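K.L.:
Be aware that the sequence shown starts at 43, since it is given in the working numbering, and climbs by one per residue.
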Amino acid sequence: MKVLVTDTVSEAGVGLLRREKDLQVEVRTGLTREKLLEAVADADGMLTRSGTPLDSEVLGAAKKLRAVARAGVGVDNIDIGAASRRGIVVINAPTGNTLAATEHTLAMMLSLVRKVPQAWNSVASGEWKRSRFMGMQLSGKRLLVIGLGRIGT
43 MKVLVTDTVS EAGVGLLRRE KDLQVEVRTG LTREKLLEAV ADADGMLTRS
93 GTPLDSEVLG AAKKLRAVAR AGVGVDNIDI GAASRRGIVV INAPTGNTLA
143 ATEHTLAMML SLVRKVPQAW NSVASGEWKR SRFMGMQLSG KRLLVIGLGR
193 IGT
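#1: Using the Cβ count rule (16 or more neighbours within 10 Å means buried), how would you classify Ile188?
#2: Out of curiosity, what's the CA-to-CA distance linking Asn163 and Gly129?
#3: Threshold first: 4 residues or longer. Then list the alpha helix (DSSP H) segments lying entirely within the stretch 75-160, N to C.
#4: If you follow the alpha helix (DSSP H) that Glu62 is in, where does it begin and where does it stop?
#5: So Leu73 and Val45 are supposed to be a Cβ contact under 8 Å. How far apart are they, rounded?
#6: Compare the Cα-Cα distances from Asp118 to each of Leu96, Ala104 and Arg108 and report the closest residue.
#7: Could you tell me the distance, in whole angstroms, from the CA atom of Glu169 to the CA atom of Lys77?
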């Protein structure tokens, strides 16, 4: 069974696929549309991220394709209707980067409230006016996060 990997995925992830004796894993990133149409023709499965558009034409060229695995949350680049009509199962990883995104969001908020970017720019330019970059203390403050999907509610 041939699995086509069309976007950069961690070596650990590709390694898991390669350990399966029944899978022939072919990593082909950065394909032109023409090359993608050729490459999907004999693929039984695909592993992709957001960089590969899987529209009706591409899915139609994939005569043997049974499943598309999206390494990540969104499936905006995949025509779900076209996949369904062809009996292709689309799988994503809705919680794949939740912790990383949460940590990054908190880091950015802390950086802004403590004026880290401004302080860094000041130091990098040879100027240091400490009193301008004190920020605010977070002790006793409350934070409500709304609208970050699985990350905040």
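Note that CB positions come from ideal geometry on N, CA and C, so glycine has one too. From a predicted model like this one, the values you see are computed outputs, not experimental measurements.
P.N.:
Well, looking at it:
#1: exposed
#2: 54 Å
#3: 75-81, 98-103, 122-127 and 140-155
#4: Here Glu62 belongs to no alpha helix (DSSP H), and DSSP marks it neither H nor E.
#5: Rounded, the Cβ-Cβ distance is 15 Å, inconsistent with contact.
#6: Leu96
#7: 53 Å
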